[in-house]
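Counting from 49, one number per residue, gives the positions in the sequence shown under the numbering used here. For every residue, glycine included, the Cβ atom is placed at its ideal position computed from N, Cα and C. All figures in this text were calculated on a predicted structure; none of them were measured in a lab. Remarks on the structure that follows.
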Amino acid sequence: MTLSLPAARTVDLRKEPVSHVLDRVERALGVHLDRETMVRKRRSVGARTDRDSWVRIERRGLDRIGKQGWDGAACAEALQEVAKPTWFGGVSWREANEGVMWRADETALLPGAPVGTSIVAVDPDVSDEWWAALNASLDALATQQSNRIATPDTETITQSLVNETIWSVFPRSLDTTVEQWRLAHADLNWANVTAPQFSLFDWEDWGMAPRGLDAATLWGASLAVPALAKRVRHERREDFASRDGMLMTLFVAAKILGPHAHPEDPRLEPARAVSAQVIKELQTG
49 MTLSLPAART VDLRKEPVSH VLDRVERALG VHLDRETMVR KRRSVGARTD RDSWVRIERR
109 GLDRIGKQGW DGAACAEALQ EVAKPTWFGG VSWREANEGV MWRADETALL PGAPVGTSIV
169 AVDPDVSDEW WAALNASLDA LATQQSNRIA TPDTETITQS LVNETIWSVF PRSLDTTVEQ
229 WRLAHADLNW ANVTAPQFSL FDWEDWGMAP RGLDAATLWG ASLAVPALAK RVRHERREDF
289 ASRDGMLMTL FVAAKILGPH AHPEDPRLEP ARAVSAQVIK ELQTG
């Protein structure tokens with residue numbers, strides 16, 4: 049007989065005690081974590097080590113891990129010509145009395161500071177060289193293949209998820225069939241890239257996804273700064289002009305405009321405006 053565990057509790061690691069988790073990671077990886085450098089987010093904690101590396105620790109419910117496992121940072125070492133920190137090692141374990149797993153990955157230090165929070169309100173003013181490096185990495189990523197399936201927002205992206213997400217906000221008469229699946233980072237926002245030297249980190253959710261997912265995700269994270277959102281669309285214009293890029297624009301916009309939207313979110317109006325234009329193009333194209 050299989051014993052079921054309680055479902056994973058909703059936990060915010062910015063508020064939850066994590067000393068016992070840090071102690072376990074130190075023993076497993078043979079490092080000392082500098083608590084003064086610790087960065088705490090809702091689902092993850094990171095800190096510098098005594099051997100000039102970085103350890104990122106994440107908590108995730110078993111229902112959010114999926115069939116492909118949870119070793120995205122390690123598997124990303126196989127990717128070629130993508131600017132990212134080198135992975136050194138990792139450890140994972142399951143909570144004894146809860147349907148939760150923890151995973152810690154040790155990587156090289158980032159070449160610069162994260163550009164900002166995931167969604168920015170001020171233009172980060174990155175250089176033309178930075179945009180060129182972003183494009184080179186995304187273009188290189190798109191040419192490679194994997195058995196992994198991307199999990200944006202920890203949900204496995206499928207045709208059904210694309211349909212349901214878009215149709216939850218936009219007309220169900222839209223044909224949302226995806227034609228091109230390409231490798232994507234799947235969490236491309238301003239908190240997961242560095243500057244002035246470009247690097248893309250936090251590779252837990254990468255995998256095959258509809259073309260344009262990364263471009264649309266970064267666009268959605270930039271909408272509060274119109275000039276920045278416009279720059280994203282210009283830099284990744286071939287993705288946005290593709291049919292699947294249009295669908296991913298609606299996919300991301302639907303998450304912004306959905307039932308949990310905050311009425312004062314500055315991204316609402318630009319998301320509506322672009323979505324209306326995209327729908328018109330899809331219906332007449």
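Short Cβ contact (9 angstroms threshold) for residue i with residue j
{"i": "residue 244", "j": "residue 326", "result": "no"}
{"i": "residue 196", "j": "residue 128", "result": "no"}
{"i": "residue 231", "j": "residue 256", "result": "yes"}
{"i": "residue 167", "j": "residue 264", "result": "no"}
{"i": "residue 81", "j": "residue 97", "result": "yes"}
{"i": "residue 135", "j": "residue 144", "result": "no"}
{"i": "residue 130", "j": "residue 76", "result": "no"}
{"i": "residue 179", "j": "residue 133", "result": "no"}
Distance between residue j and residue i (C-alpha atoms, nearest Å)
{"i": "residue 270", "j": "residue 110", "result": "31 angstroms"}
{"i": "residue 208", "j": "residue 316", "result": "25 angstroms"}
{"i": "residue 308", "j": "residue 191", "result": "35 angstroms"}
{"i": "residue 162", "j": "residue 237", "result": "10 angstroms"}
{"i": "residue 106", "j": "residue 333", "result": "43 angstroms"}
{"i": "residue 291", "j": "residue 223", "result": "10 angstroms"}
{"i": "residue 228", "j": "residue 300", "result": "17 angstroms"}
{"i": "residue 314", "j": "residue 153", "result": "35 angstroms"}
{"i": "residue 280", "j": "residue 254", "result": "20 angstroms"}
{"i": "residue 94", "j": "residue 188", "result": "28 angstroms"}
{"i": "residue 199", "j": "residue 84", "result": "31 angstroms"}
{"i": "residue 288", "j": "residue 298", "result": "11 angstroms"}
Cβ distance (whole Å) where residue i is taken to contact residue j below 8 angstroms
{"i": "residue 202", "j": "residue 112", "result": "4 angstroms"}
{"i": "residue 242", "j": "residue 164", "result": "About 11 angstroms separates the two Cβ atoms, so there is no contact after all."}
Distance cut-off 8 angstroms: residue i Cβ against heavy atoms of the ligand MG
{"i": "residue 207", "result": "Looking at this structure, you won't find the ligand MG or any other ligand, since it has none at all."}
* Asked: Are at least three pairs of beta-carbons, each pair with one atom in the region 170–188 and one in the region 134–149, less than 8 angstroms apart?
  -> Output reads no: the region 134–149 does not touch the region 170–188.
* Asked: Are the region 245–255 and the region 219–236 touching, with three or more C-beta to C-beta distances below 8 angstroms?
  -> yes
* **contact_flag[the region 57–70, the region 81–91] where n(CB pairs < 8 angstroms) is 3 or more** => yes
* Can you give, in chain order, each stretch of the alpha helix (DSSP H) that sits fully within the region 185–220 and has at least 4 residues? -> 207–215
* Return the chain-ordered ranges of every beta strand (DSSP E) run that is complete within the region 101–151 and spans a minimum of 3 residues. => DSSP runs (the beta strand (DSSP E)) wholly in the region 101–151: 101–109, 135–142.
* Asked: Residue ranges of each alpha helix (DSSP H) run of no fewer than 4 residues wholly in the region 224–304, ordered along the chain?
  -> Complete alpha helix (DSSP H) runs here, min 4: 261–268, 274–283, 285–289.
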